[in-house]
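Residue numbers (my numbering): 3 to 128.
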């Protein structure tokens, strides 16, 4: 049995070692690209009157990962040794963390956005 090594990343370690900027590109654009199909699936679920809980979890995960993950990768890129594989693992850790955070707090976050929209509508009505 072989042991796990942080110097491998799904066969992409050579490209990521040569171009660590790919990790920054992925941290910025992967959540945005995944946001589109999840939003379309959410629209279909809403039309079919299905439960939107998992869609909200995925949307909040992508939103928080876009902000926090990109910020973390930028900071690590400029402070550390610029190893693309380690940056990708850091971003993946942020993604997983944001998924569990969103799963536990989806109802609270949804209520927060609902309350904000009510406040904005009331402010516009005045």
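Using N, Cα and C, we set each Cβ at its ideal position, and we do this for glycine too.
Let me confirm a value: residue i is counted as buried when at least 16 other C-beta atoms fall within 10 Å, else exposed. Which label applies?
i           : result
residue 42  : exposed
residue 29  : buried
residue 100 : buried
residue 127 : exposed
residue 97  : buried
residue 50  : exposed
Just confirm the distance between the C-beta atoms of residue i and residue j, as a whole number of angstroms; I'd bet it's less than 8 Å.
i           : j           : result
residue 75  : residue 122 : The Cβ separation is near 32 Å, so there is no contact.
residue 104 : residue 66  : 7 Å
Is the distance from the Cβ of residue i to the Cβ of residue j below 9 Å?
i          : j           : result
residue 71 : residue 58  : no
residue 64 : residue 34  : yes
residue 78 : residue 92  : yes
residue 55 : residue 108 : yes
residue 39 : residue 85  : no
Should residue i be listed as close to the ligand NAP, given that the test is whether its C-beta is under 8 Å from any heavy atom?
i          : result
residue 21 : No copy of the ligand NAP appears in this structure; indeed no ligand is present at all.
Inset, instruction - Note down, one range per segment and in chain order, each alpha helix (DSSP H) of at least 4 residues found wholly within the stretch 58-101. - result: Counting only runs of 4 or more, we get 72-81.
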